[in-house]
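Visitor: Input: one structure, supplied below.
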Amino acid sequence: MSNDDQAIVSRMSPVEQRGAANSPTQRLDYGLGGFAIKQLAGRGTYGRVFMAEHKATNRDFALKFVDYKQGGDKHSRRHNRRVEREVKLLHLLHHPHIVRIYDVMHSSERVVMVQEYLGSNSLFDYIQHHGYLREVEACRIFRQLVSAVDYLHRNCIVHRDLKPSNIMMDHTNQVRLIDFGFANIFEWDKQLSTFCGSPSYASPEIVCGIRYTGPEVDIWSMGVILYCMLCGRLPFEGATQNDIFAKVASGRFTMPCHVSKEAQGLLQRMLTVDPRKRISMRGIVDHPWANRFDDRPIDNYLPLRSAVVLQPCQQSLQKMPVYGLDITSTAAALSTSNMAMTPVVCIYHLIDEARRRRESRQARNIQANMVTSSTSVYSADQQQ
1 MSNDDQAIVS
11 RMSPVEQRGA
21 ANSPTQRLDY
31 GLGGFAIKQL
41 AGRGTYGRVF
51 MAEHKATNRD
61 FALKFVDYKQ
71 GGDKHSRRHN
81 RRVEREVKLL
91 HLLHHPHIVR
101 IYDVMHSSER
111 VVMVQEYLGS
121 NSLFDYIQHH
131 GYLREVEACR
141 IFRQLVSAVD
151 YLHRNCIVHR
161 DLKPSNIMMD
171 HTNQVRLIDF
181 GFANIFEWDK
191 QLSTFCGSPS
201 YASPEIVCGI
211 RYTGPEVDIW
221 SMGVILYCML
231 CGRLPFEGAT
241 QNDIFAKVAS
251 GRFTMPCHVS
261 KEAQGLLQRM
271 LTVDPRKRIS
281 MRGIVDHPWA
291 NRFDDRPIDN
301 YLPLRSAVVL
311 QPCQQSLQKM
321 PVYGLDITST
331 AAALSTSNMA
341 MTPVVCIYHL
351 IDEARRRRES
361 RQARNIQANM
371 VTSSTSVYSA
381 DQQQ
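Quick note: the sequence shown uses the UniProt record's numbering, first residue 1, plus one each step.
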């Protein structure tokens, strides 16, 4: 670890760590002093990720350090809001192919996210190592990506920075979607105007400055990722960013002859310039190629939810303002069946599902402690 990296870690003081416990998103369970930093695991646009061992459990975690911008200008405020939004959204998401966050620590200068450690092998590295992937392997990875992104979209969340370097591979080559710095909540009947993401994976509406709903830009990026897996290169390349943007806007790309007709058909529908004609997530899930090597339906792992909630949990309702949502309007939306696919209802369900998981863990821990105590008493009686 370089001197600069060590300085970043050391500047999070114990006082600032304790202040993190007052965060509205999660109670502090891990102090930074409880970790032994092992090595720098990765660098992103806005932060660094360190591999660290939790001293009490000897488990490895990923500590993601993201600095706040100190200026009061518009760009600094936007960056800081984006950091806070990433933390809040990750605390709600629960999916086998989305990175898990365990805790968050705030200081006046930065935020540290304690996430599961997945190693340092991304899909980008995997493609570089193998060249292009066999279709059966590409399909396996693609189905996991579809599962994760479908889960996001059904919860009215758009990622907006899908690319191979934001897809990690664990030791069993299962994927995890990471880096929610550009993620946001969307509404199906409204449009977003923030133009973000990586140039080579950005959709035509992003590069041309056209407002968009949300899911369609993720679907385009997924098409670019699938092309990379099947072809070992990008579909839209250029010497400059403007060259790349021009090719993206045209939607013209070449297809190697080794790619099957079914895969070509799916790619062409995902990389359709007009977002109104681009394939939907439902179309991807049902596409023959996506089910060619595995006939099981692609599971988005969305829990079964009631269309109407007449008696919402007050504890969960009280957390709605943390996400900028009003308690009264949330209760009203929950009582109306045609509001089931709106952000306010989806966020409530995510909050309430997180509450139920937390209570279930606590109950299991209490039961485990009772069993341990009973065993200890029995052992002591036997010795007497």
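Note that beta-carbon positions come from the ideal geometry of N, C-alpha and C, so glycine has one too.
Going by DSSP, what residue range makes up the beta strand (DSSP E) through K64?
Guide: Mapped onto the sequence shown, residue 64 falls at position 64. Residues R59 to D67.
Visitor: On the CB-based measure, 16 or more other CB atoms within 10 Å of its CB, does N166 come out buried or exposed?
Guide: Translated into the one-based positions of the sequence shown, residue 166 becomes position 166. It counts as buried.
Visitor: Using the beta-carbon count (16 or more within 10 Å), is D352 buried or exposed?
Guide: Working through the sequence shown from its first residue, we reach residue 352 at position 352. Its Cβ being crowded by 16 or more others within 10 Å, D352 is buried.
Visitor: Provide the residue span of the beta strand (DSSP E) that contains R98, from first to last.
Guide: What you label residue 98 is simply residue 98 of the sequence shown in a count that begins at 1. The question names Arg, yet the displayed sequence has Ile at residue 98. Counting along the chain, I98 falls outside any beta strand (DSSP E), and DSSP gives it neither H nor E.
Visitor: Would DSSP call E116 helix, strand or coil?
Guide: In the sequence shown, counting from the first residue as 1, residue 116 sits at position 116. Note: E116 maps to strand in three-state DSSP.
Visitor: Can you say whether K277 is buried or exposed, counting buried as having 16 or more other CB atoms within 10 angstroms of its CB?
Guide: Within the sequence shown, the letter at position 277 stands for residue 277. Flag for K277 reads exposed.
Visitor: Give the straight-line distance between the Cα atoms of L350 and L93, rounded to the nearest whole angstrom.
Guide: To locate residue 350, count along the sequence shown from 1; it is residue 350. To locate residue 93, count along the sequence shown from 1; it is residue 93. Computed Cα separation, rounded: 7 Å.
Visitor: Beta-carbon within less than 8 Å of Q174's beta-carbon, same chain only, minus the 5 sequence neighbours each way: which residues are those?
Guide: In the sequence shown, residue 174 corresponds to position 174, counting from 1. Cβ neighbours of Q174 beyond the five flanking positions: P96, H97 and Q144.
Visitor: Assuming E262 is part of the alpha helix (DSSP H), what are its boundary residues?
Guide: Residue numbering aside, residue 262 sits at position 262 when the sequence shown is read from its first letter. Start and end: K261 to M270.
Visitor: Does the region 196–209 come into contact with the region 127–135, if we say contact requires no fewer than three beta-carbon pairs (one atom in each stretch) closer than 8 Å?
Guide: The region 196–209 is not in contact with the region 127–135.
Visitor: Measure the C-alpha to C-alpha separation of R164 and G44 and round it to an integer number of angstroms.
Guide: Residue numbering aside, residue 164 sits at position 164 when the sequence shown is read from its first letter. Residue numbering aside, residue 44 sits at position 44 when the sequence shown is read from its first letter. Note that residue 164 is Pro in the sequence shown here, rather than Arg. C-alpha separation (whole angstroms): 13 Å.
Visitor: Terminal residues of the continuous beta strand (DSSP E) containing K38?
Guide: Your numbering for residue 38 matches position 38 in the sequence shown. Its beta strand (DSSP E) spans residues F35 to R43.
Visitor: Determine whether the beta carbon atoms of P256 and L230 lie at a separation below 9 Å.
Guide: Working through the sequence shown from its first residue, we reach residue 256 at position 256. Working through the sequence shown from its first residue, we reach residue 230 at position 230. Yes, the Cβ-Cβ distance between P256 and L230 is below 9 Å.
Visitor: Are D170 and G238 touching if we call contact CB-CB under 9 Å?
Guide: On the sequence shown, position 170 is the one that residue 170 refers to. On the sequence shown, position 238 is the one that residue 238 refers to. No, they are not a contact pair.
Visitor: Quick one: what's residue 421 bridged to in DSSP?
Guide: In this structure the chain extends from 1 to 384, so residue 421 is not present and cannot be described.
Visitor: For D218, count the other beta carbons within 10 Å of its own beta carbon; 16 or more makes it buried, fewer makes it exposed. Which is it?
Guide: Taking the first residue of the sequence shown as 1, we reach residue 218 at position 218. Buried, since its Cβ has 16 or more Cβ neighbours within 10 Å.
Visitor: Using DSSP with H/G/I as helix, E/B as strand and the rest coil, what is P24?
Guide: Stepping through the sequence shown from its first residue, residue 24 is reached at position 24. In this predicted model, P24 has a pLDDT of only 35, less than 50, meaning its place in the structure is not dependable; the value taken from the coordinates is given anyway. In the structure shown, P24 sits in coil (DSSP, three-state: anything other than H, G, I, E or B).
Visitor: What are the start and end residues of the alpha helix (DSSP H) that includes G232?
Guide: The residue you call residue 232 lines up with position 232 of the sequence shown. From DSSP, G232 is part of no alpha helix (DSSP H); its letter is neither H nor E.
Visitor: Under a three-way DSSP split, which group does Y151 fall into?
Guide: Translated into positions along the sequence shown, residue 151 becomes position 151. Note: Y151 maps to helix in three-state DSSP.
Visitor: Secondary structure at M51, three-state DSSP: helix, strand or coil?
Guide: Within the sequence shown, residue 51 is the residue found at index 51, counting from 1. Note: M51 maps to strand in three-state DSSP.
Visitor: Note down, in chain order, each residue of its chain lying with its Cβ closer than 7 Å to the Cβ of L325, except the 5 sequence neighbours on either side.
Guide: One-based indexing of the sequence shown puts residue 325 at position 325. Answer for L325: V344 and I347, listed in chain order.
Visitor: Kindly indicate which three-state DSSP category L92 falls into: helix, strand or coil?
Guide: What you label residue 92 is simply residue 92 of the sequence shown in a count that begins at 1. Three-state result, L92: helix.
Visitor: Find the nearest neighbour of A249 within the set R356, L226 and C208, judged by alpha-carbon distance.
Guide: Within the sequence shown, numbered from 1, the residue matching residue 249 stands at position 249. Measuring from the Cα of A249, the nearest candidate turns out to be C208.
Visitor: Given a threshold of 16 other Cβ atoms within 10 Å of its Cβ, counted over all protein chains shown, does K319 qualify as buried or as exposed?
Guide: Taking the sequence shown and counting its residues from 1, one reaches residue 319 at position 319. With 16 or more Cβ atoms within 10 Å of its Cβ, K319 is classed as buried.
Visitor: Taking 8 Å as the threshold, find out whether the region 305–315 comes into contact with the region 62–78 through three or more Cβ pairs.
Guide: With a cut-off of 8 Å, the region 62–78 and the region 305–315 do not count as touching, because too few Cβ pairs lie within range.
Visitor: Examine the Cβ distances between the region 103–121 and the region 186–196 and report whether three or more of them are shorter than 8 Å.
Guide: No, the region 103–121 does not touch the region 186–196.
Visitor: How is the alpha helix (DSSP H) around L317 delimited, first residue to last?
Guide: Counting from 1 along the sequence shown, the entry for residue 317 is found at position 317. Here the alpha helix (DSSP H) through L317 covers Q314 to L317.
Visitor: In whole angstroms, give me the CA-to-CA distance for K247 and A331.
Guide: Looking up residue 247 in the sequence shown gives position 247. Looking up residue 331 in the sequence shown gives position 331. Looking at the two C-alpha atoms, the distance is approximately 47 Å.
Visitor: Classify R356 as helix, strand or coil using the three-state DSSP reduction.
Guide: For the purposes of this step, residue 356 is taken as residue 356 along the sequence shown, with counting starting at 1. In the structure shown, R356 sits in a helix (DSSP, three-state: H, G or I).
Visitor: So, using beta-carbon positions, are F186 and D161 closer together than 9 Å?
Guide: Your numbering for residue 186 matches position 186 in the sequence shown. Your numbering for residue 161 matches position 161 in the sequence shown. No, these two residues do not count as a Cβ contact at 9 Å.
Visitor: How big is the Cα-Cα spacing for R85 and I178?
Guide: In the sequence shown, the residue the question calls residue 85 occupies position 85. In the sequence shown, the residue the question calls residue 178 occupies position 178. The straight-line gap from Cα to Cα measures roughly 14 Å.
Visitor: Tell me whether M105 sits in a helix, a strand or coil according to DSSP, three-state version.
Guide: In the sequence shown, residue 105 corresponds to position 105, counting from 1. In this structure, M105 counts as strand in the three-state DSSP scheme.
Visitor: Report the rounded CA-to-CA distance for H153 versus R356, giving the unit in angstroms.
Guide: As a working note, residue 153 is residue 153 in the sequence shown. As a working note, residue 356 is residue 356 in the sequence shown. Each residue's alpha carbon lies about 22 Å from the other.
Visitor: Taking S329 as part of the alpha helix (DSSP H), name the residues at either end of that continuous run.
Guide: Position 329 of the sequence shown holds residue 329. It spans I327 to L334 - the alpha helix (DSSP H) in which S329 sits, taken as one unbroken run.
Visitor: Distance, Cα to Cα, M281 vs M51?
Guide: Stepping through the sequence shown from its first residue, residue 281 is reached at position 281. Stepping through the sequence shown from its first residue, residue 51 is reached at position 51. If I take the Cα positions, the gap works out to 35 Å.
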